[in-house]
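Asks: Those letters in the sequence shown? Residues 246 to 433, by the working numbering.
The beta-carbon is built from N, C-alpha and C at its ideal position, and this holds for glycine as well.
Please read these numbers as outputs of a predicted model, since none were measured by experiment.
Here it is: the structure, laid out below.
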Amino acid sequence: TYNKLSRFGELSDNEQIRLAANDRVMSEFAQGWKDEHMLAQPLTGAMFDILVDIYHEFLVDRGLISRQMEDLLDKLEGHPANRPVIQRLFNDRYRHDPLGFRLALLSARDVLGTYVADAWSLLDPDQLSYFGIGKALEEVDRSISGGRFQTIIQRNFELREIGQFVPGPRLAPPDPLSHSASARTLVP
Numbered sequence: 246t247y248n249k250l251s252r253f254g255e256l257s258d259n260e261q262i263r264l265a266a267n268d269r270v271m272s273e274f275a276q277g278w279k280d281e282h283m284l285a286q287p288l289t290g291a292m293f294d295i296l297v298d299i300y301h302e303f304l305v306d307r308g309l310i311s312r313q314m315e316d317l318l319d320k321l322e323g324h325p326a327n328r329p330v331i332q333r334l335f336n337d338r339y340r341h342d343p344l345g346f347r348l349a350l351l352s353a354r355d356v357l358g359t360y361v362a363d364a365w366s367l368l369d370p371d372q373l374s375y376f377g378i379g380k381a382l383e384e385v386d387r388s389i390s391g392g393r394f395q396t397i398i399q400r401n402f403e404l405r406e407i408g409q410f411v412p413g414p415r416l417a418p419p420d421p422l423s424h425s426a427s428a429r430t431l432v433p
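Structure, rendered in structure tokens:
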């Protein structure tokens, strides 16, 4: 879906570096890659999906949607033909408590933001991998919530094939938009 929440690194009203709500998986890059922004999409997508799933959990906690509706959403997601059905379900529930929906989203944002910040310190820069990021998030979740969101984190990393495939070599030299050409990038 295209909305302000799913657009990262926005350059203008109609251009962004990457779309968080995407279906990219690591096997697409097993033979190699040309653009690090594209290579980042499986991880970006997994993080966005984790945010949405935690948001759904908070909606259930607040009684804004039922557990049955949340389970149905999991079954319907990923199929474009189901988007109108999902939208109708949310429109109906949202109408009763817009502020509750907003607060649930803010809580999900805060949880994931805290998890990412805490996971950062657990990462080894010399052995950095998407799989390692997932494991660090799981560790933080166990520490903070006793593992409440373990299944969500694991499922979304598995759906993106993170840990099942590693990216192959870079297949083309970096273009001018590459981070390797950025003044912010330190080269050893």
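Taking DSSP as the reference, what is the three-state secondary structure of residue 264?
Replies: If DSSP states are grouped into helix, strand and coil, residue 264 belongs with the strands.
Asks: Mapping the DSSP letters down to three states, classify residue 338 as helix, strand or coil.
Replies: Helix.
Asks: What do you reckon, are the CB atoms on residue 402 and residue 291 nearer than 8 Å?
Replies: Taking 8 Å as the Cβ cut-off, residue 402 and residue 291 qualify as a contacting pair.
Asks: Could you name the residues of the same chain whose beta carbon sits closer than 8 Å to that of residue 330, not counting the 5 residues immediately before and after it, in chain order?
Replies: Around residue 330: 321.
Asks: Please state the DSSP three-state secondary structure of residue 435.
Replies: Absent from the structure is residue 435, since the part of the chain shown begins at 246 and ends at 433.
Asks: By Cβ distance, which residues of its chain are closer than 6 Å to residue 376, with the 5 residues on each side in sequence left out?
Replies: Around residue 376: 407 and 408.
Asks: Tell me whether the beta-carbon of residue 405 lies closer than 8 Å to the beta-carbon of residue 271.
Replies: In this structure, residue 271 lies closer than 8 Å to residue 405 by Cβ.
Asks: Whole angstroms are fine: how far does the CA of residue 274 sit from the CA of residue 280?
Replies: Computed Cα separation, rounded: 10 Å.
Asks: For residue 349, I'd like the list of residues in its chain whose CB is within less than 7 Å of its CB, leaving aside the five on either flank, ordered along the chain.
Replies: Closer than 7 Å at Cβ, skipping near neighbours: 300, 303, 304, 307 and 309.
Asks: Could you tell me which uninterrupted alpha helix (DSSP H) segments, each at least 4 residues in length, are contained entirely in the segment 271-355, listed from first to last along the chain?
Replies: DSSP runs (the alpha helix (DSSP H)) wholly in the segment 271-355: 281-284, 286-306, 312-321 and 328-339.
Asks: Indicate whether residue 314 and residue 334 have their beta-carbon atoms separated by less than 8 Å.
Replies: Yes, Cβ-Cβ distance for residue 314 and residue 334 is below 8 Å.
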